[in-house]
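The sequence shown stops at residue 856 when you use my numbering, and every number in between is there.
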Amino acid sequence: MSWQEVTVTTQNEAVEAVSNILIEAGAEGVQIDDAADRDNYQYADETVTVDWTQMPGVKTGAKVSGYFPENVHVAEILDSIRVRVQALASFGLAAEPGTVEQVAVRDEDWATEWQKYYHPVRITRYLTVVPKWETYHPDTPEEHVIVLDPGMAFGTGTHPTTKLMLEAEEFVLRGGEHVLDVGTGSGVLSIAAKYLGAASVLGTDVDEVAVRSAEGNLALNPVAADVRVQVSDLLNDVKEADFDVVIANMLAEVLLPLIPQLPAVIKPGTQILMSGIYQDKLAAIQSALTDQALFVDQVMQLGEWYGVIAHKPLEGEV
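Quick look at the structure:
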């Protein structure tokens, strides 16, 4: 099968937004080449290395490639993609140069490129992400291996915002919690929650492709066999409530409309973990949380990205 590749040249801070633009335009998946990932790369152990000098890729900025089936008339949607990418500046995201290019690529070529770039990565103290085609043995019984198939999906666990969330999960989860993962993407945060002792996890995503991807990755991790995933635009289709922990790794522009919906699904003591926040949006996120009578407990930073841990106060808590 042949695929059509549309590549957007942009900056690190706009990678997730550009990925969403391509998916919403009809791409069945994206591939990200981000120079910042190389700077932050952490190897699972000393036996796993990548010789960057032997690998193609951007030296600065980032490229996001979306893959469209051959029956999609890509030429007819290129202009709308360009317009949406250029409009990211109005949200405070640096997306320049924002060039959009189209090439043809075969399915097997895409699969090969994923395997070249994706290797076992120790993300946090206890969590290591491993592609399904690699054999990896944990160093200690405490190390949890999350198996992912990047395939034609996005969200492989190595982006700084995802790492912030995984670290926040390690900090917050103690076992037995009921967790809501909003914008689950690949499902990596839901899988991590189960490894860290969550009693139940519900993952949601507005994108059906992401939901299918998450379901595939959940199947690769037996610990997550009981995780449920559903399509939902933010919390509009979530019928459950009283979650102990709510996770949301999305751009601030999506987090801001999510925050006013949180009271419907949380209870006193619920902890809220958020990431995907660029520096110039941090104050707005903190203010929005405070407006909902939520306490901001901790602000986390990795490079230019921020994460927030907040909670709904218990009765009488000041």
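Even glycine gets a Cβ: it sits at the ideal position worked out from N, Cα and C.
Note that the structure is a prediction, hence the values are computed from the model and not measured.
Measuring CB to CB, does residue i end up less than 9 Å from residue j?
i: Ile-815; j: Thr-699; result: yes
i: Gly-567; j: Gly-604; result: yes
i: Glu-715; j: Ala-730; result: no
i: Val-667; j: Gly-725; result: no
i: Gln-809; j: Ala-748; result: no
i: Asn-787; j: Gly-723; result: yes
i: Gln-542; j: Val-621; result: no
i: Pro-851; j: Gln-830; result: no
i: Met-789; j: Glu-634; result: According to the sequence displayed, residue 789 carries Leu and not Met. No; because the gap between Cβ atoms is not below 9 Å, this pair is not in contact.
i: Leu-820; j: Pro-795; result: no
i: Ile-804; j: Ala-779; result: yes
i: Leu-800; j: Val-784; result: yes
i: Ser-910; j: Leu-756; result: Shown here, the chain extends from 539 to 856; a query on residue 910 therefore has no answer.
i: Tyr-844; j: Leu-626; result: no
Could you pull the start and end residues of the alpha helix (DSSP H) that residue i belongs to?
i: Thr-662; result: Looking at the DSSP string, Thr-662 is not in any alpha helix (DSSP H), and its letter there is neither H nor E.
i: Ala-555; result: 553-562
For the beta strand (DSSP E) containing residue i, name the first residue and the last one.
i: Lys-805; result: 804-816
i: Leu-840; result: 833-840
i: Val-621; result: Run containing Val-621: none in the beta strand (DSSP E); it sits in the alpha helix (DSSP H), 616-624.
i: Phe-606; result: 600-607
i: Ala-848; result: 843-849
i: Gln-569; result: 568-572
For residue i, which residues in the same chain have their Cβ closer than 6 Å to its Cβ, ignoring the five residues on either side in sequence?
i: Gln-768; result: Thr-742
i: Gln-624; result: Gly-636
i: Leu-740; result: Leu-718 and Arg-766
i: Leu-734; result: Glu-707 and Leu-711
i: Val-761; result: Lys-732 and Tyr-733
i: His-682; result: Tyr-664, Leu-665 and Tyr-733
i: Val-720; result: Thr-742 and Ala-786
i: Pro-607; result: none
i: Ala-691; result: Reliability of the predicted coordinates at Ala-691 is poor, the pLDDT of 47 falling under 50, and the value obtained from them is presented with this limitation in mind. Result list for Ala-691: Gly-567, Ser-724 and Ser-751, in chain order.
i: Met-838; result: Leu-702 and Gly-845
Rounded C-beta distance between residue i and residue j? I'm assuming under 8 Å.
i: Gly-630; j: Thr-548; result: Between Thr-548 and Gly-630 the Cβ distance is about 14 Å, and since that is not below 8 Å, they are no contact.
i: Leu-859; j: Pro-658; result: This structure does not reach residue 859, given that the chain is present from 539 up to 856, and the question cannot be answered.
i: Met-812; j: Leu-832; result: Met-812 to Leu-832, Cβ: 10 Å. No contact.
i: Gln-817; j: Glu-842; result: 6 Å
i: Ala-662; j: Leu-704; result: Here the sequence assigns Thr to residue 662, which means Ala is not the residue at that position. Indeed, because the Cβ distance is near 5 Å, the residues count as touching under 8 Å.
i: Val-602; j: Val-556; result: 4 Å
i: Met-632; j: Glu-551; result: The residue you asked about is not Met; residue 632 is Ala in the sequence shown. Confirmed, Cβ separation roughly 6 Å.
Within a Cβ cutoff of 7 Å, which residues of the same chain sit near residue i, ignoring the five residues on either side of it in sequence?
i: Glu-853; result: Pro-806
i: Phe-781; result: His-716, Val-717, Leu-718, Val-803, Ile-804 and Thr-808
i: Gly-713; result: Gly-735
Less than 8 Å between C-beta atoms, sequence neighbours within five positions excluded: which residues of the same chain meet that for residue i?
i: Ile-619; result: Val-544, Val-546, Ile-559, Leu-560, Ala-563 and Val-638
i: Val-610; result: Gln-542 and Gly-564
i: Val-834; result: Gln-824, Leu-827, Thr-828, Val-846, Ile-847 and Ala-848
i: Ala-822; result: Ala-790 and Leu-794
message: As an exercise, report each continuous alpha helix (DSSP H) stretch of at least 4 residues that is fully enclosed by the segment 742-829, in chain order.
response: 746-757, 790-796 and 820-829
message: For a minimum of 3 consecutive residues, which ranges assigned as the beta strand (DSSP E) are wholly contained in the segment 677-742?
response: 682-686 and 716-720
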